[in-house]
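Report on the structure given below.
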Amino acid sequence: AVSLQRNIQNLPIDIQTSKLLDWLVDRRHCNLKWQSAVKVIREKINAAIQDMPENEEIKALLSGSCSSAKTFMLFNILLSRNVSYEGPALRRQLAKAQQLQQELSRREVECQSSAADLRERYYAACKQYGITGENVPRELQALVKDLPAVLDEVGKDAARLEEQIQLYAAFTNFVCDCSLVQPMVWKIASPQSISAGSWEWGGGAELLSLRLPHQDPGSGGIDWGDSAEAPIEIEIVDVGPEGVARGEDALTVLENPQSRSRFIDQLMELEVFLTQRLTEMREEGDVVAMSQFQQAPSVIQGQTCEHIQAMLSEVQDLLGRLTSLRMQHLFMIHASPRYVERVSEMLRQKMKQADILVLKGATMAEKRQEALQEQSRLEPRVDLLAGCTRELQKLIEADISKRYHNRPVNLMGVNI
9 AVSLQRNIQN
19 LPIDIQTSKL
29 LDWLVDRRHC
39 NLKWQSAVKV
49 IREKINAAIQ
59 DMPENEEIKA
69 LLSGSCSSAK
79 TFMLFNILLS
89 RNVSYEGPAL
99 RRQLAKAQQL
109 QQELSRREVE
119 CQSSAADLRE
129 RYYAACKQYG
139 ITGENVPREL
149 QALVKDLPAV
159 LDEVGKDAAR
169 LEEQIQLYAA
179 FTNFVCDCSL
189 VQPMVWKIAS
199 PQSISAGSWE
209 WGGGAELLSL
219 RLPHQDPGSG
229 GIDWGDSAEA
239 PIEIEIVDVG
249 PEGVARGEDA
259 LTVLENPQSR
269 SRFIDQLMEL
279 EVFLTQRLTE
289 MREEGDVVAM
299 SQFQQAPSVI
309 QGQTCEHIQA
319 MLSEVQDLLG
329 RLTSLRMQHL
339 FMIHASPRYV
349 ERVSEMLRQK
359 MKQADILVLK
369 GATMAEKRQE
379 ALQEQSRLEP
389 RVDLLAGCTR
399 ELQKLIEADI
409 SKRYHNRPVN
419 LMGVNI
């Protein structure tokens, strides 16, 4: 019996925290009506201590804090509030502050990355235009000053394409065997002819005014200038020794959009011809293919794959320089002053968006710092609440243990 009693004494008393009040009431440690009985006593105590000198010990004694019922009830209320309300609320605030920091940090990085990307695109666009981006309108206007020199270089290189043109004309005449396509009747007289606008026609008369016929949209091929259906009318204009040109007549061949477009079309057709001819020469290994060109002119028979490739490279290089993005921008700037305004505004918007994103990133950083300060403010409160709750748990467990002959008492579910 003694052993059994001893074993019972060692059995722990497990009490769920949420059921602590019910447990105390069921075992008559507390009475739910004690508050109404204490109310009258508390009013008398308050009236009695009004005329007494202020003393904390007297206040503590007369306040009824030593009451067992009140102690249990108060401890239960505090413990339940800490476990069910205060602790979870602080934890939620702390988790919200931490989550907000992560979100703001992510958005800050996104803003910085987007701003850097916009700046990179801004400087990449400036590089395409050939400017530094410090003063976009002025730099774009300055680019036009270099356009004549660039076109002069293109004209000099275009003057070296006579061999390609002769080969194309000879090959077309040989294959078609008709007079629709004749050898070129005009040629580039000098390296400056294309860029300066002076073409040599036939016996060398200088063309001062060139009136182009109506172009048929469905016609293809290089316009060699000798079409029988729509001949080019040539006028030798008596303009005096100066020969002053006005309007579009003052533009060079490559500066004039229409003549430049025709020139590029001719280069592209020449490129296609040389590419196709190079492919055919690499595949011509049978007797039939060789016999087809036995009667061809020497300018066709004397070509090799290496030479055709070299001529093709010259045409492609010239075509690439004329159709490059930078040259397109230069032509647009030269043709339309408003284009400079549009480009400047477009680039300015990129930089403006980058600046806005930088400011937005700075705002995100400030908010993240505020969330960090909120976390720093909440963490000590959570630790303090957890410490007080553990202390309160120990007091309740010790008091209940005394009432049951020092049996171990465990309050379950006390988590902060």
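So for the sequence shown, our numbering puts the first residue at 9; every next one is plus one. Note that the Cβ used here is the ideal one computed from N, Cα and C, for glycine as well. Bear in mind that the values here come from a model prediction, so they are computed numbers and not experimental data.
{"query": "Taking the Cβ atom as the reference point for each residue, do I341 and L148 lie within a distance shorter than 7 Å?", "result": "yes"}
{"query": "Quick one: measure Cβ to Cβ for Q109 and R376, integer angstroms, because I've assumed they're closer than 8 Å.", "result": "5 Å"}
{"query": "In angstroms, rounded to a whole number, what distance separates the CA positions of C119 and H337?", "result": "31 Å"}
{"query": "If you follow the alpha helix (DSSP H) that Q302 is part of, which residue opens it and which one closes it?", "result": "It is not in any alpha helix (DSSP H) - Q302 carries neither H nor E in the DSSP assignment."}
{"query": "Looking at the unbroken alpha helix (DSSP H) that takes in Q107, where does it start and where does it end?", "result": "95-137"}
{"query": "Is DSSP giving Q58 helix, strand or coil here?", "result": "coil"}
{"query": "Determine whether the beta carbon atoms of S122 and L355 lie at a separation below 7 Å.", "result": "no"}
{"query": "From Y93 to T25, what distance separates their C-alpha atoms?", "result": "13 Å"}
{"query": "Could you check what DSSP says for V366 in three-state terms: helix, strand or coil?", "result": "helix"}
{"query": "Taking L262 as part of the alpha helix (DSSP H), name the residues at either end of that continuous run.", "result": "Where L262 is concerned, there is no enclosing alpha helix (DSSP H), given that its DSSP letter is neither H nor E."}
{"query": "Exposed or buried, what is R285 when buried is set at 16 or more other beta-carbons lying within 10 Å of its beta-carbon?", "result": "buried"}
{"query": "To the nearest whole angstrom, what separates the beta carbons of E279 and Q324, a pair I think is in contact under 8 Å?", "result": "6 Å"}
{"query": "With a threshold of 16 other CB atoms inside 10 Å of the CB of P225, please say whether the residue is buried or exposed.", "result": "Since pLDDT at P225 reaches only 40, below the 50 mark, its modelled position is unreliable, and no value is offered."}
{"query": "If you draw a straight line from the C-alpha of N264 to the C-alpha of Y347, how long is it?", "result": "17 Å"}
{"query": "Using CA coordinates, which residue listed in K27, L275, Q309, A124 is at the minimum distance from G163?", "result": "L275"}
{"query": "Please confirm whether Q174 and M319 have their CB atoms less than 7 Å apart.", "result": "no"}
{"query": "Please report the distance separating the alpha-carbon of I139 from that of Q357.", "result": "17 Å"}
{"query": "Along the chain, where does the beta strand (DSSP E) that runs through D4 open and close?", "result": "Within the shown structure, residues of the chain are numbered from 9 to 424, placing residue 4 beyond reach of any answer."}
{"query": "Using C-beta distances below 8 Å, list every residue in its chain close to V422, excluding the 5 sequence neighbours before and after it, in chain order.", "result": "T25, L87, V91, T397, R398, Q401"}
{"query": "What would DSSP say about V323, mapped onto helix, strand or coil?", "result": "helix"}
{"query": "Can you name the residues that DSSP bridges to K417?", "result": "Correcting the residue identity first, residue 417 is Val in this sequence and not Lys. Paired residues: I21."}
{"query": "Between which two residues does the alpha helix (DSSP H) containing A166 stretch?", "result": "155-166"}
{"query": "Who are the Cβ neighbours of S352 in its own chain at under 6 Å, not counting the five residues just before and after it?", "result": "V144, P145"}
{"query": "Using CA coordinates, which residue listed in E111, R270, P96 is at the minimum distance from A373?", "result": "E111"}
{"query": "Do C313 and H329 count as a contact pair if the criterion is CB distance below 7 Å?", "result": "Sequence check: residue 329 is Arg here, not His. No. Outside cutoff."}
{"query": "Classify R268 as buried or exposed, calling it buried when 16 or more other Cβ atoms lie within 10 Å of its own Cβ.", "result": "buried"}
{"query": "Using 8 Å for Cβ pairs, my map puts D417 next to E405. What's the rounded Cβ distance?", "result": "The sequence shown places Val at residue 417, not Asp. Indeed they touch by this definition, with Cβ atoms about 4 Å apart."}
{"query": "Going by C-alpha distance, which of D22, R127, G395 is nearest L362?", "result": "Note that residue 362 corresponds to Ala in the displayed sequence, not to Leu. For A362, the nearest C-alpha among the options comes from R127."}
{"query": "Could you tell me the alpha carbon to alpha carbon distance between L169 and V261, rounded to whole angstroms?", "result": "16 Å"}
{"query": "Can you look up H37 in the DSSP assignment and give me helix, strand or coil?", "result": "coil"}
{"query": "Check S267 in the structure and name its three-state DSSP category.", "result": "helix"}
{"query": "Please report how far the alpha carbon of I85 lies from the alpha carbon of Q381, in whole angstroms.", "result": "31 Å"}
{"query": "Looking only at C-alpha atoms, which of Y137, M420, E142 sits nearest to S332?", "result": "Y137"}
{"query": "A178 and V307 look like a contact to me (Cβ under 8 Å); what is the Cβ gap, rounded to whole Å?", "result": "5 Å"}
{"query": "Under a Cβ-count criterion, where at least 16 other Cβ atoms within 10 Å of its own Cβ denotes burial, should C134 be classed as buried or exposed?", "result": "buried"}
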